[in-house]
Every structure is written in structure tokens, then in C-alpha cells.
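This report refers to the structure that appears directly beneath it.
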Amino acid sequence: MPRNATDEKDGVHVENRNKLDVHGVGDELLVRAALNGSSEAFSKLYVRHAAAVRRALSDNVHDAERQRDLVQETFTRALAKLGTLHDPGQFRPWIFQIARNVAIDDLRARSRMALEPLDDEFQHGRPSVEAGPDVVTELRALADAIHEGLAALSPRDAAALSLVVHLGFGPEEVAAALGISYGNAKVVLHRARARLRGALVQQQLLQAGAAT
Numbered sequence: 000m001p002r003n004a005t006d007e008k009d010g011v012h013v014e015n016r017n018k019l020d021v022h023g024v025g026d027e028l029l030v031r032a033a034l035n036g037s038s039e040a041f042s043k044l045y046v047r048h049a050a051a052v053r054r055a056l057s058d059n060v061h062d063a064e065r066q067r068d069l070v071q072e073t074f075t076r077a078l079a080k081l082g083t084l085h086d087p088g089q090f091r092p093w094i095f096q097i098a099r100n101v102a103i104d105d106l107r108a109r110s111r112m113a114l115e116p117l118d119d120e121f122q123h124g125r126p127s128v129e130a131g132p133d134v135v136t137e138l139r140a141l142a143d144a145i146h147e148g149l150a151a152l153s154p155r156d157a158a159a160l161s162l163v164v165h166l167g168f169g170p171e172e173v174a175a176a177l178g179i180s181y182g183n184a185k186v187v188l189h190r191a192r193a194r195l196r197g198a199l200v201q202q203q204l205l206q207a208g209a210a211t
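Right, here's the structure in full:
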């Protein structure tokens, strides 16, 4: 093909097979071009939607640097999963769903980090208060039960509980963050608390049985 020849690929004007004319091109055609290997097309999708994704993340993530990191993670996941987008015209709601999942994963990671210092003290026998061996053992068991209880929750239940415990969210805010109804948020929170409470009660029963 001559150097300045042009071609049409999925309705998108392509020059020299690599240079893409993205001016005025909709999301659907950009997605198709990106699937065909055009990095410029995906860059255009990033430029077009990154600000909106960051605004959506900012509802629950207030640190500017972490917002930027999560935006990058969102688009990194989107690029890796682009082939799973069945309707290229639905890129915007799809990228928002990915952003929501990234935010949930971030909340879960921060929740685990919040528990790690306490768990570290228990595991190494260095509680923050003076306590005898029996108390230290009980605290270690409690920490283990909390971790096991959280791990047993579904990702959405764990995220909802983390939003309440670590960020002080109410049911309305949890609903907005997770993209569910207010009533559903109340159900999710009730279920998550009940399951975690059940795990702790079970641990207490095991301790009582071991003591007899």
C-alpha cells in the first residue's frame, strides 16, 4: 500500500493502517478500533471518560492521588477486558461498573490494612495494653474470627460493611456507592452484620467448649 493511502476499518477512517482519525468518532467505533489494535482509539476513550470516572470515584474516595491511581486501574482493567464488552456502544456504563468494582476492591484492601496492625500485635504477643496470657489468647482468637468472618462474606457484603465501619456511611450512601437501592442496601448491611456476628458467636462457643 502506498505510504499515504487510506483504508476503512469498522467504519473508522485509518491512515497507513496505524494512524486513526478519531475526531467526532463515537464510543462504539472507538471500541471496535481499539479491539483491532489501535492504541490511539483507546487513548481517546480515556480522554473522553477519565474525568467522569474520577468524579464518580470522588463520591467515596476523597484523596486526589488515590483517585488518580484508581482511574488508572479502572482503565487498565477495561483495556484487559475490552473483548468481554458485548455491546461496544455501552462503553460508558461499562467503564463506570468497572470503576465501581475498583473502588470496592480498594475499600476491601483498606479494611484489611486497618486490621493488620491489631492482628500483628496479637500474632506477636504484643497487645497495645498490658494483659495476661489468657487475655492475649482470647484477643488473638477474636482477631482470627473477625478476619474469617469478613473473608466469608460476599464481596458486596464485605464492601458495604467496610463503608459503614471505616467511612461512617449510612444506608443511603452505601446504596449510592454500590449502585443498589436503599432497601437493598439495608438488607445487605443487615445480612453482613448477622453473618459476622454469627462468626463471632461461633468462636465464643468454641472457646467455651474448649474451656470445659
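Residue numbering for the sequence shown follows numbering that gives the first Met the number 0, beginning at 0 and increasing consecutively.
Glycine is no exception: its CB is placed at the ideal position from the N, C-alpha and C atoms.
Predicted model, so just to flag it, every value in this text is computed and none were measured.
Annotation for Val173: the continuous alpha helix (DSSP H) segment containing it runs 170-177. Per DSSP, Val24 lies in no alpha helix (DSSP H) segment and is marked neither H nor E. A distance below 8 angstroms between beta-carbons, with the five flanking residues on each side excluded, links Val60 to the following residues of its chain, in chain order: Gln66, Leu69, Ala102, Asp105. Beyond the five residues adjoining it in sequence on each side, Leu152 comes within less than 8 angstroms, by CB distance, of Leu160, Ala191, Arg194, Leu195 in the same chain, given in chain order. One thing to note: Leu44 has its Cβ within 9 angstroms of the Cβ of Phe90.
Per the coordinates, the alpha-carbon of Glu27 lies some 11 angstroms from the alpha-carbon of Leu84.
Looking only at Gln71, Ala32, Ala40, the smallest Cα-Cα distance to Ala51 is reached by Gln71. Setting aside the 5 residues that flank it on each side, Glu171 is surrounded in the same chain by Tyr181, Ala184, each with a C-beta closer than 8 angstroms to its C-beta; the list follows chain order. Ala198 is positioned such that its CB atom lies no closer than 9 angstroms to that of Ala176. DSSP, read as helix, strand or coil, puts Asp104 in helix.
Separation of the CB atoms of Ala108 and Ala55 is rounded to 19 angstroms, and the pair is thereby denied contact status at 8 angstroms. In this structure, the alpha-carbon of Thr75 lies about 20 angstroms from that of Asp62.
The C-beta distance from Gly88 to Leu34 rounds to 13 angstroms, too long to fall under 8 angstroms, and the pair is not in contact. Contact annotation: Val24 and Ala40 have beta-carbon atoms nearer than 9 angstroms.
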